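**Q** Residues 1 to 482 in mature numbering (1 follows the signal peptide of the UniProt record, and there is no 0) are what the sequence shown lists, from first letter to last. We put the beta carbon where it would ideally sit given N, CA and C, even for glycine. Note that this is a predicted model, so its numbers are computed, not measured. Before I ask anything, here is the structure I am working with.
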Amino acid sequence: IYVDEPLLYDTFPPDFMWATATSAYQIEGGWDADGKGLSIYDVWMNDSNHVTDGTSGKVACNSYYFYEKDIEALRSLGVSYYRFSISWARVLPDGIGRINQPGIDYYKRLIAALKAANIQPMVTLYHWDLPQALELMGGWLNPSIADWFEEYARLCYTEFGNDVKYWITINEPWVIAYQGYGSGNTAPGTYGPGTFTYQAGHHIILAHAKAYRAYETQFKPTQQGKVGITVNINWYDPKDDQLENIEAAERALQFLGGWIANPIYGSGDYPDVMKQKVGDKSAQQGFNQSRLPEFTAEQKILVRGSADFFGLNYYTSYLTANKIQDISIIDYGYDQDIESYSDPTCYQSSFDWLTITPFGMRKTLQWIKDRFNDPEIIITENGISDRAGNLDDVMRVYYYKHNINSMLKAIKDGVRVTGYAAWSLMDNFEWGNGFTQKFGLFSIDFTTSDLNRTTKASARYYAKLVNDNGFMADQPCNNSPI
Ligand code: PNW
């Protein structure tokens, strides 16, 4: 199943987009500054039981005030792009209607300062921080959210679109739908693992498509940018070469990635295997229709082809086996009839779900190319955390070196990867893990008020790689044992 290959010493295409990524709630702070409305994370993180260290993103990296420090760090990396997200409630405190001008002004200052530093913005419209006012109307379970999101997207295209050429509508629909409205493990904490999960996912796809079509028809002709969505996919290998396990691994990938990607980049509809599994189980469970919603013919036309590139967040890989699950449990996870686990021979990070599996990067990219019509792909996140946060972060250097090399191999295989964003620029508020899981290329001492960004070894390594635009055989660090 797995054949290790030596590092490839070669460079990336000349215009390859090197970047780092962050998100609004994880870095901005200023949670109630200058007329910002509340988001579901302001509400959720107010309950210290929801965060392992009892903290919140109220201040975080304080980028609302300290964004110049972020730009200084980006400048020292030499990256040409910065992926950040806009806080919906900062620009539209009620989610729709009333505009908060100071919020608009903040993003204008940030974008202007980035461009002055020769760094292009790559902007995510939605990285999970839904305005609380919209959650009170049902959030992602209300079909009207497609229109609410379109209104918000139009405002952003209007205000920032002359300077933003890459838009990501929504970050990781899987997390929003399953964690937010299924298991209820994160905001807004709604529980409906086998029902709400699919309904939220459905509305996310439609919201994305409406925002894409708004850009395509009214903004693209003059602004000439690209709009995509970011899907999180981890790689699933079968645990052995038995057919039922090979099929289980493909099923896992289809439930995770195909769920969102097949409607948008593939046939315009959910993957067959999902329709079949969820449909059969729903019938056996006594539902009079599938728990997986159906797209109307009109919606399929709206959704199909509604992206100019494929945003991929890739972190890790699992081994997979077929496992027929208990039919009495109504849950997106159980619907898949699989079990999966981390390969114990791979390095386990401090985060339970994340082992270092660079080979999965190349395989995931090839899988996307093969299943979804060879789209342009931008890696919008890839990274690893530790707890100690040492400046001498050799394990992170290893992770980036080998994952980026694996991506280079995929490019040589013919996959159209045009950009890469490391997660994350700096240590930040890692959702339910607070400040205990550190993903940064730069370290921040959160006990100080200046919150200075300090270079880690991984930042120096990444800067060199970016500067070389790839891997030079004569660089000593490229030949080192890590
Ligand atoms: C991403 N998984 O989420 C998010 O986009 C970031 O905001 C976050 O900080 C980062 O990963 C690190 O956690 C993921 O279970 C959540 O495979 C879960 C998974 C992957 C990515």
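Going by beta carbon distance, what residues of the same chain come within less than 6 Å of Asn469, once the five residues before and after it are set aside?
**A** Here residue 469 refers to the residue found at position 469 when the sequence shown is read from its first residue. Closer than 6 Å at the Cβ level, and outside the excluded window around Asn469, lie Thr11 and Phe12.
**Q** Per DSSP, Val227 is paired with what?
**A** As a working mapping, residue 227 is identified with position 227 in the sequence shown. Val227 pairs with Trp167.
**Q** Taking the CB atoms as reference points, tell me whether Ala459 and Ala112 lie closer together than 9 Å.
**A** Position 459 of the sequence shown, counted from the first residue, corresponds to residue 459. Position 112 of the sequence shown, counted from the first residue, corresponds to residue 112. No; because the gap between Cβ atoms is not below 9 Å, this pair is not in contact.
**Q** Counting only beta-carbon separations shorter than 9 Å, does Thr190 have a partner in chain D?
**A** Given the protein chain composition of this structure (a single chain), no chain D is represented.
**Q** Enumerated in chain order, which unbroken segments of the beta strand (DSSP E) with a length of 3 residues or greater are wholly contained in the stretch 338-419?
**A** DSSP runs (the beta strand (DSSP E)) wholly in the stretch 338-419: 338-341 and 377-381.
**Q** What does a CB cutoff of less than 8 Å around Asn245 pick up in its chain, not counting 5 residues either side in sequence?
**A** Walking along the sequence shown from the start, residue 245 turns up at place 245. Pro238, Lys239, Thr320, Ala321 and Asn322.
**Q** Closest to Tyr81 by CA distance: which of Asp42, Trp167, Leu7 and Glu28 is it?
**A** In the sequence shown, the residue the question calls residue 81 occupies position 81. The candidate whose alpha carbon is nearest that of Tyr81 is Trp167.
**Q** Considering only the beta carbon of each residue, do Ser424 and Gln179 sit closer than 9 Å?
**A** As a working mapping, residue 424 is identified with position 424 in the sequence shown. As a working mapping, residue 179 is identified with position 179 in the sequence shown. No, Cβ-Cβ distance for Ser424 and Gln179 is not below 9 Å.
**Q** Would you kindly report the start and end of the unbroken alpha helix (DSSP H) that includes Met274?
**A** One-based indexing of the sequence shown puts residue 274 at position 274. Start and end: Asp272 to Gln284.
**Q** Compute the minimum distance between the beta carbon of Gly57 and the heavy atoms of the ligand PNW, and state whether it is under 8 Å.
**A** For the purposes of this step, residue 57 is identified with residue 57 of the sequence shown, where counting begins at 1. Checking every heavy atom of the ligand PNW against the Cβ of Gly57, none is found closer than 8 Å.
**Q** Between the C-alpha atoms of Ala153 and Val227, what's the straight-line distance to the nearest angstrom?
**A** Locating residue 153 in the sequence shown gives position 153, where the first residue counts as 1. Locating residue 227 in the sequence shown gives position 227, where the first residue counts as 1. Roughly 11 Å between the two C-alpha positions.
**Q** In three-state terms, what does DSSP make of Asp269?
**A** Residue numbering aside, residue 269 sits at position 269 when the sequence shown is read from its first letter. Reduced to three states, the DSSP call for Asp269 is coil.
**Q** Could you tell me whether the Cβ atoms of Lys464 and Ser443 are closer together than 9 Å?
**A** Here residue 464 is taken as the residue at index 464 of the sequence shown, counted from 1. Here residue 443 is taken as the residue at index 443 of the sequence shown, counted from 1. Cβ atoms of Lys464 and Ser443: not closer than 9 Å.
**Q** Between which residues of its own chain and His402 is the CB-CB distance below 6 Å, once the five residues before and five after are set aside?
**A** Against the sequence shown, residue 402 aligns to sequence position 402. For His402, where only same-chain residues beyond five positions count, the Cβ hits under 6 Å are Pro358.
**Q** Would you check whether the ligand PNW has a heavy atom nearer than 8 Å to the C-beta of Leu441?
**A** Here residue 441 refers to the residue found at position 441 of the sequence shown. Leu441: no, Cβ never under 8 Å from the ligand PNW.
**Q** What would DSSP say about Ile444, mapped onto helix, strand or coil?
**A** Translated into positions along the sequence shown, residue 444 becomes position 444. It is a strand residue.
**Q** Less than 8 Å between the CB atoms is what I'm expecting for Ile338 and Ala252, so what's the real figure, rounded?
**A** Position 338 of the sequence shown, counting from 1, holds the residue named residue 338. Position 252 of the sequence shown, counting from 1, holds the residue named residue 252. That belief holds up - the Cβ atoms of Ile338 and Ala252 are roughly 5 Å apart, short of 8 Å.
**Q** Which word fits Tyr399, buried or exposed, when buried means at least 16 other C-beta atoms lie within 10 angstroms of its C-beta?
**A** Numbered from its first residue, the sequence shown carries residue 399 at position 399. When all chains shown are included, Tyr399 counts as buried.
**Q** Are Ala200 and Phe149 close, meaning C-beta to C-beta below 9 Å?
**A** Reading the sequence shown from its first residue, position 200 is the one you call residue 200. Reading the sequence shown from its first residue, position 149 is the one you call residue 149. No, these two residues do not count as a Cβ contact at 9 Å.
**Q** Report the three-state DSSP secondary structure of Trp174 (helix, strand or coil).
**A** Locating residue 174 in the sequence shown gives position 174, counting from the first residue. DSSP places Trp174 in helix when its eight states are reduced to three.
**Q** Can at least three beta-carbon pairs, one atom from the stretch 61-68 and one from the stretch 123-135, be found at a separation below 8 Å?
**A** With the cut-off at 8 Å, the stretch 61-68 and the stretch 123-135 do not touch.
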